[in-house]
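Asks:
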Amino acid sequence: MSGWPSDDHLHAVGQALAAGTHRGEVLVVARTDARPDAPGERRLGVAWRGVAPYRPLMALMLASSTASFTALGALSLFARDELGASNTEVTVNFVVIALAGMAVLLTTGHFSDRGRVRRVIVPAGFAWLAAGYAVLASVRSYPAMLAVGIVFFCAVGVPNTQLMAHSRDLVESRDDTATSTAVIATMRIVLSIGSFTGFGIGGLGLAYLGARPLFRVVAVACLGCLALSWYLLGRGDTVAAATGRPATVENVDDAGDVRTRTAGGRRLLLILAVVMVLFSSGRIMLLSQLPILMRESLDAPLQLTGLALALPLPFSEQT
């Protein structure tokens, strides 16, 4: 029984606890009872802080995507109402531009990984699109619109694609998998936000400004994106961070494995190309015929059409 504390000892401990409570030391215990931050909140905060160096690129991506889809939201009704194009001609315009765009994307993608070519491709793409929207605002016939689309708007996907690749190069150079995943995921979210936001802005702009002034506004927005892209991609630290890691013995040894996987990679690329063509066909039908359907079949006013056009795109971007 000698191991048990005596009554005098217990009394002394009780007095010490009471004195500590009187002095406010119980606050230390109270803090331990506080609810810790939820794991999801902590991860979100860490991810947001991790993408801080890339927020200017995300802002550029948002502006570029919004501008492109703003024009697309007004293009079909512009061709139908002001140029007298039929439903078939509107669809043909989107199909031809999409096919030309695939060829341009493959070509620019082939050259963009060489040195600092991407630093030139992105601003040049914005300049080309700005010129195209300015010319589109003055066309008076469907054949002229089709020609402008083939010449200029075949490059509509170049800036966003190259910005995504540039962001990927930046995060891969840091050897930080968590940050890389967060940055790429956030860039895709920003691209999706710009797509459906721009589509709605295009419908509202068509209602309150008209198609031709709207195209001129988009041209000015592309010039703003040009200036911002030239600044962001032209900074010395950004270019240095985008350069790849030096070749090592492990990287050189892996070259043989890459060559052995070439045949399988080409087969996979062919399958992906077919899937993307089918997916793009559905998007083309959505972009070309949905505004006309709402205007002609549902007799929707332009204001309501602009708001309705912004609704389906968030769901289609998740597919």
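If you count the sequence shown from 1, position 26 lands on 1472 in this note's numbering, and the numbers rise without skipping.
Think of the CB as a built atom: it goes at the ideal place given N, C-alpha and C, for glycine as much as any other residue.
For Asp1700, does the count of other Cβ atoms within 10 angstroms reach 16, so buried, or fall short, so exposed?
Replies: Per-residue confidence for Asp1700 stands at a pLDDT of 44, beneath the threshold of 50, marking its modelled position as unreliable; the derived number appears in the next sentence. So Asp1700 counts as exposed.
Asks: Which runs of the alpha helix (DSSP H) fall wholly inside the segment 1537 to 1592 and span at least 4 residues, in chain order?
Replies: Counting whole runs of 4 or more residues, the segment 1537 to 1592 contains the alpha helix (DSSP H) stretches 1564 to 1582.
Asks: Could you check if Gly1530 is buried or exposed, using at least 16 other CB atoms within 10 Å of its CB as the buried criterion?
Replies: Exposed, because fewer than 16 other Cβ atoms sit within 10 Å of the Cβ of Gly1530.
Asks: Please report the distance separating the alpha-carbon of Gly1640 from that of Glu1528.
Replies: Answer to the nearest angstrom: the Cα atoms are 27 Å apart.
Asks: Determine the direct distance from the alpha carbon of Tyr1588 to that of Glu1618, and round the result to whole angstroms.
Replies: Their backbone Cα atoms lie some 45 Å apart in a straight line.
Asks: Can at least three beta-carbon pairs, one atom from the segment 1504 to 1519 and one from the segment 1645 to 1654, be found at a separation below 8 Å?
Replies: Verdict: yes, contact present.
Asks: Measuring only the C-alpha atoms, how far is Pro1737 from Leu1637?
Replies: Their Cα atoms are separated by approximately 22 Å.
Asks: Over the uninterrupted alpha helix (DSSP H) stretch that includes Arg1614, give me the two end residues.
Replies: Val1604 to Glu1618 is the extent of the alpha helix (DSSP H) around Arg1614.
Asks: Please name the residue, chosen from Pro1747, Leu1748, Ser1511 and Asp1745, that lies closest to Gln1608 on a Cα-to-Cα basis.
Replies: Selected option, being the one with the closest Cα: Ser1511.
Asks: Are the Cβ atoms of Thr1537 and Gln1735 separated by less than 8 Å?
Replies: Contact flag set, yes.
Asks: Helix, strand or coil for Ser1511? Go by DSSP, reduced to three states.
Replies: The answer is helix: DSSP assigns Ser1511 an H, G or I state.
Asks: Can you tell me which of the three DSSP states Asp1745 falls into?
Replies: Reduced to three states, the DSSP call for Asp1745 is coil.
Asks: With Ser1675 as the anchor, note down where its alpha helix (DSSP H) starts and where it stops.
Replies: Run containing Ser1675: Ala1657 to Gly1680, per the alpha helix (DSSP H) assignment.
Asks: Quick check: what's the CA-CA separation for Ser1558 versus Val1604?
Replies: Ser1558 and Val1604: Cα-Cα distance of roughly 10 Å.
Asks: Does DSSP put Phe1598 in a helix, a strand or coil?
Replies: Residue state, collapsed to three classes: coil.
Asks: Would you call His1556 buried or exposed, if buried means 16 or more other Cβ atoms sit within 10 Å of its Cβ?
Replies: Result: exposed.
Asks: What number of angstroms, rounded off, separates the C-alpha of Ala1570 from the C-alpha of Leu1672?
Replies: C-alpha separation (whole angstroms): 8 Å.
Asks: In or out: Ala1498 buried (at least 16 other Cβ within 10 Å) or exposed?
Replies: Exposed is the call here.
Asks: Taking DSSP as the reference, what is the three-state secondary structure of Gly1530?
Replies: Looking at Gly1530 - three-state DSSP - the assignment turns out to be coil, as it is neither helix nor strand.
Asks: Suppose you measure from the CA of Gly1649 to the CA of Leu1521; what does that come to, to the nearest Å?
Replies: The straight-line gap from Cα to Cα measures roughly 10 Å.
Asks: From Ala1657, Gly1670 and Leu1674, pick the residue whose C-alpha is nearest to that of Ala1748; which is it?
Replies: Per the sequence presented here, residue 1748 reads as Leu, with Ala not at that position. Of Ala1657, Gly1670 and Leu1674, the residue nearest in Cα terms is Ala1657.
Asks: If you measure between the beta carbons of Leu1679 and Arg1565, is that distance less than 8 Å?
Replies: Yes. Within cutoff.
Asks: Tell me which residues share the same chain as Cys1600 and place their Cβ nearer than 7 Å to its Cβ, disregarding the 5 neighbours each side in the sequence.
Replies: Once the five neighbours on either side are set aside, the close Cβ partners of Cys1600 are Ile1543, Ala1546, Gly1547 and Val1550.
Asks: Please state whether the Cβ-Cβ distance between Phe1540 and Trp1574 is less than 8 Å.
Replies: No. Outside cutoff.
Asks: Between the Cα of Met1591 and those of Ser1743, Arg1634, Thr1554 and Leu1523, spot the shortest distance and give me the residue it belongs to.
Replies: Checked all of Ser1743, Arg1634, Thr1554 and Leu1523; the closest Cα to Met1591 is Leu1523.
Asks: How should Leu1660 be labelled, buried or exposed, when 16 other C-beta atoms within 10 angstroms of its C-beta is the threshold for buried?
Replies: With 16 or more other Cβ atoms within 10 Å, it is buried.
Asks: Excluding five sequence neighbours on each side, which residues of the same chain lie with their C-beta closer than 7 Å to the C-beta of Met1633?
Replies: Within the same chain, Met1633 has close Cβ partners Met1504, Met1507, Met1610 and Ser1613.
Asks: For Val1594, collect the residues of the same chain with a Cβ closer than 7 Å to its Cβ; drop the 5 residues on either side in sequence, then sort them by chain order.
Replies: These residues qualify, in order along the chain: Gly1578, Val1581, Leu1582 and Val1585.
Asks: With a CB to CB cut of under 7 Å and the five nearest residues on each side skipped, what residues in its chain are close to Ser1813?
Replies: There is simply no residue 1813 to check, as the chain begins at 1447 and stops at 1765 in what is shown.
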